[in-house]
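Number of protein chains: 2
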Amino acid sequence: MEEQRIVDDERITTFGRLVEAHARLTNVLDNELREALGLPLRWYGLLLHVGRSPHGVRPMKELIEATAFTSGGVTRLVDRIERAGLVQRLPCPTDRRVQHVGLTDAGQEMLQRATAVHLRGIQEHMIDALDPGEVKRLNEILPKLVAQSGGRR
Amino acid sequence: MEEQRIVDDERITTFGRLVEAHARLTNVLDNELREALGLPLRWYGLLLHVGRSPHGVRPMKELIEATAFTSGGVTRLVDRIERAGLVQRLPCPTDRRVQHVGLTDAGQEMLQRATAVHLRGIQEHMIDALDPGEVKRLNEILPKLVAQSGGRR
DNA sequence: GGTCATTAGTTGACGTGTCAAGTAAATCGA
DNA sequence: TCGATTTACTTGACACGTCAACTAATGACC
Numbered sequence: 007m008e009e010q011r012i013v014d015d016e017r018i019t020t021f022g023r024l025v026e027a028h029a030r031l032t033n034v035l036d037n038e039l040r041e042a043l044g045l046p047l048r049w050y051g052l053l054l055h056v057g058r059s060p061h062g063v064r065p066m067k068e069l070i071e072a073t074a075f076t077s078g079g080v081t082r083l084v085d086r087i088e089r090a091g092l093v094q095r096l097p098c099p100t101d102r103r104v105q106h107v108g109l110t111d112a113g114q115e116m117l118q119r120a121t122a123v124h125l126r127g128i129q130e131h132m133i134d135a136l137d138p139g140e141v142k143r144l145n146e147i148l149p150k151l152v153a154q155s156g157g158r159r
Numbered sequence: 007m008e009e010q011r012i013v014d015d016e017r018i019t020t021f022g023r024l025v026e027a028h029a030r031l032t033n034v035l036d037n038e039l040r041e042a043l044g045l046p047l048r049w050y051g052l053l054l055h056v057g058r059s060p061h062g063v064r065p066m067k068e069l070i071e072a073t074a075f076t077s078g079g080v081t082r083l084v085d086r087i088e089r090a091g092l093v094q095r096l097p098c099p100t101d102r103r104v105q106h107v108g109l110t111d112a113g114q115e116m117l118q119r120a121t122a123v124h125l126r127g128i129q130e131h132m133i134d135a136l137d138p139g140e141v142k143r144l145n146e147i148l149p150k151l152v153a154q155s156g157g158r159r
């Protein structure tokens, strides 16, 4: 008769699978984006958030909430992307504490190119690996996990 | 009539959800483990891998493959955990290049305690947020994503 | 058995993120 | 309306990983 060890609990493995799937996917997609355009996946994530904004501009505040970074982390990320000329800080006219972040023309251009590359990667490494029904289910399940674990720091 | 922008493609959002679910979950579980036992989630991951090994011992090689780290990263991670007394390096008798990593008594003890905490967290933040069927589907879907994106460096 | 290539793991230099303290502006309250 | 909080962001010190170069041992082949 076998001992059933607590470390072998299947729920731990479920979580482990999520971690591993995330690690593998981000790794591949990051590599593809870097090779094609020299763009780190994290930069792309920020460009995407800004590019999707209604007025083409986002306050730091919202970028901090949207990315899983601390405020200091976002400050530095924006520093680098700004230095690369893809993004610019714009002072907010109504609240001088606030910095808006907007895409430069080069940033717009980069976002378009990068999205094409990224989309090919997602299709190949994520969508094609699953049945259509499974993709649909993922889209139902994942938001529940996001909503549930609540805010951060 | 609305323009459909390429950046709004739903597949990008699907991937984004995976990233966000991962970020939120690991953040919560890391905090819980740190608060309860002062143990970072990454340390737990390594302890778990070692603790699950058939002979209670794993060569660095396998830890590198199992975690999503580079060899240098694992060397330093093991350095720190070893300095904390939870793990020890054991020279391999048949191949003097190889270092085996095994749990110390304190490491065993920590692994047991941490697993209890971790399991409560997974239950609360992951399992309870989903229906039983959804958990089952996750367990079918995630391995496909892992297998598909292949190896690393 | 002696070269050559390969494999395991470590290390120095560095990039990127965190934490906590700091600055400046807005807001709240007597 | 003026001091006390709070909010938005930045910064210095530091923790943690990566990359590429390095050491040591093994294996392969002539």
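Keeping their order, the protein sequence lines are chains A and B. Take 7 as the starting number for the first sequence in the numbering used here and just add one per residue. Take 7 as the starting number for the second sequence in the numbering used here and just add one per residue. Backbone N, C-alpha and C define an ideal beta-carbon position, used for all residues, glycine too.
Boundaries around A:Q94 are those of the beta strand (DSSP E), V93 to P97, since no alpha helix (DSSP H) includes it. Under the Cβ criterion of 8 Å, B:H61 is not counted among the residues facing chain A. Below the 8 Å Cβ cutoff, chain B contributes V13 as neighbours of A:G57, in chain order.
For the segment 125-159 of chain B, the beta-carbon criterion of a distance under 7 Å to any beta-carbon of chain A is satisfied by L125, I128, Q129, H131, M132, I133, A135, L136, E140, V141, R143, L144, N145, I147, L148, P149, K150, L151, V152, Q154, S155 and R158. Closer than 8 Å to the CB of A:E26 there is at least one CB belonging to chain B.
Note on A:V107: 16 or more other CB atoms within 10 angstroms of its CB, so buried under the neighbour-count rule. For B:R48, the closest Cβ of chain A is not nearer than 8 Å. Contact annotation: the segment 117-137 of chain B does not touch the segment 60-73 of chain B, with fewer than three C-beta pairs closer than 8 Å.
Among the residues facing chain B, A:I18 is included, as its CB has a counterpart in that chain under 8 Å away.
The three-state secondary structure of B:R64, taken from DSSP, is strand.
Taken in chain order, the complete alpha helix (DSSP H) segments of 4 or more residues contained in the segment 16-52 of chain B are 16-43. Taken atom to atom, the span from the alpha-carbon of B:V13 to that of B:R82 is near 39 Å.
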